[in-house]
Every structure is written in C-alpha cells, then in structure tokens.
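Working notes, beginning with the structure itself.
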Amino acid sequence: MIAKEIKNFTLAEMLVTNTGLPNFPSTLEQLENVLETAKRLQTVRNLFGRAIRVNSVYRSRLVNEAVDGSKTSMHLQALAADICAYSGNEGDNRDLYSLLESKIEEMQIDQLIMYNKKAGDKSSTIRFIHVG
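So that you can map any letter, position 31 of the sequence shown is 11 in our numbering, and since no number is skipped, the others follow by simple counting.
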C-alpha cells in the first residue's frame, strides 16, 4: 500500500490551505493523485535528507480561485506541489532546487519552477518551488 511508503507527510499537509475554504478531493482519482504525489515527495525528502515544508498539493476549484491559481493548474488534480526546505534557510532551498533539477528525468518531473521574492530574479530569495 502506498500509504506505508509515506513516512514524513500527512494527508493534512497535502490538503493544506490558508483560505478557510473546504479543500478535499471530490473524486477517487484526485485522492489517488494526492497519495502518489505524497509518495513522490517522500522520495524527494529521502534524497534531500532534510525536512520539506508543503505549501500546496491539492486545491479545490474554490481554493484555486481564491489564491488566483491558473484555471489549468495541476494542483486541481493533485499532480503538483509547492514546497520549500522546512528550515526556511535560503541555502537549503537552493540545495533542494538543485536536487530536483538533477532528478528531472529520473523522477519524470515536467514542471520545475522557482518562485522568488522578486519575480523573475532567480538570485533573490526563494519563496517556494513548484514541482509537478
């Protein structure tokens, strides 16, 4: 069972939102995707060797609209995650991004986007990393 392979993440983390809106998958496929994404994040966590903070995995349509997400966001299907190093340390975030970059093919990552405090300036502080 997939859930036994996920040691460092909870369902609550995969569904987290600060909007106050309901945010639970409405289909079994979405729920399966939540578990599969959690499994992939566990692999990243194992390789990284440090804790990872999950900012977003699944988003209901209402949550996605409230955070001004794309209408075609992979978060709607729970096939993407916004993450950062749990420490919040810039060096750790850069290490995490570098790790993900090095594993793009192996982990079949099709979206890897660094969101910085100064949009478009990759030298500015990393806010979070989008991985799908």
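Glycine included, every Cβ here is placed at the ideal spot set by N, Cα and C.
Taking a contact to mean a Cβ-Cβ separation below 8 Å, would you say residue i touches residue j in this structure?
| i | j | result |
| --- | --- | --- |
| HIS110 | ALA60 | yes |
| HIS55 | ASN73 | no |
| ILE89 | LEU80 | yes |
| ILE106 | TYR77 | yes |
| MET87 | ARG20 | yes |
| LYS5 | LEU11 | Per the sequence shown, the amino acid found at residue 5 is Pro instead of Lys. Contact flag set, yes. |
Nearest to residue i by CA position, among the options, is which residue?
| i | options | result |
| --- | --- | --- |
| MET(-6) | LYS83, SER67 and TYR38 | TYR38 |
| SER40 | VAL14, SER103, ARG33 and GLU(-15) | VAL14 |
| PHE(-11) | LEU92, ASP62, LYS97 and VAL34 | VAL34 |
| LEU42 | GLY0, GLU9 and ASP62 | GLY0 |
Mapping DSSP to helix, strand and coil, what is residue i?
| i | result |
| --- | --- |
| ARG33 | strand |
| ASN73 | helix |
| ARG41 | helix |
| MET94 | strand |
Would you grab the beta carbon distance between residue i and residue j for me? Rounded to a whole angstrom, and I think it's under 8 Å.
| i | j | result |
| --- | --- | --- |
| CYS64 | PHE108 | 5 Å |
The beta strand (DSSP E) that contains residue i, what's its start and end?
| i | result |
| --- | --- |
| SER108 | For the record, residue 108 in the displayed sequence is Phe; it is not Ser. PHE108 -> beta strand (DSSP E) spans 106 to 111. |
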